[in-house]
Amino acid sequence: MAAPGPTRGELIFRLCFSIAGLGLLAVAVAVRGMPRGAALFEVFGIAGAFFAGTAIWTILKLRKR
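Numbering-wise, the sequence shown is residues 9 to 73 according to the numbering used here.
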């Protein structure tokens with residue numbers, strides 16, 4: 009029986025998706041400039057935390073396997 013949770017291939021996909029998301033976030037800030045007000049929280053507080061958190065979680069899971 010397979011171990012519960014995502015497979016190694018799924019984890020690698022998540023890691024690639026997270027790194028691509030962080031890259032696109034950096035490009036958007038470079039092209040459009042630093043957001044102000046609520047957009048600053050939305051860009052870094054939500055999107056940045058999601059992509060960075062997913063990348064870190066995935067790296068930790070991949071290192072365990």
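Where a beta carbon is used, it is the ideal one built from N, C-alpha and C, also for glycine. Quantities reported herein were computed from a predicted structural model and do not represent experimental measurements.
By the DSSP assignment, the alpha helix (DSSP H) with residue i in it spans what residues?
{"i": "residue 18", "result": "16-40"}
{"i": "residue 59", "result": "57-72"}
With a cut-off of 8 Å on the beta carbons, I'd call residue i and residue j a contact; round off their distance for me.
{"i": "residue 29", "j": "residue 59", "result": "4 Å"}
{"i": "residue 63", "j": "residue 27", "result": "6 Å"}
{"i": "residue 16", "j": "residue 73", "result": "6 Å"}
In whole angstroms, what is the alpha-carbon distance linking residue i and residue j?
{"i": "residue 47", "j": "residue 37", "result": "11 Å"}
Shortest alpha-carbon distance to residue i belongs to which of the options?
{"i": "residue 68", "options": "20, 52 and 39", "result": "20"}
{"i": "residue 61", "options": "18, 42, 25 and 12", "result": "25"}
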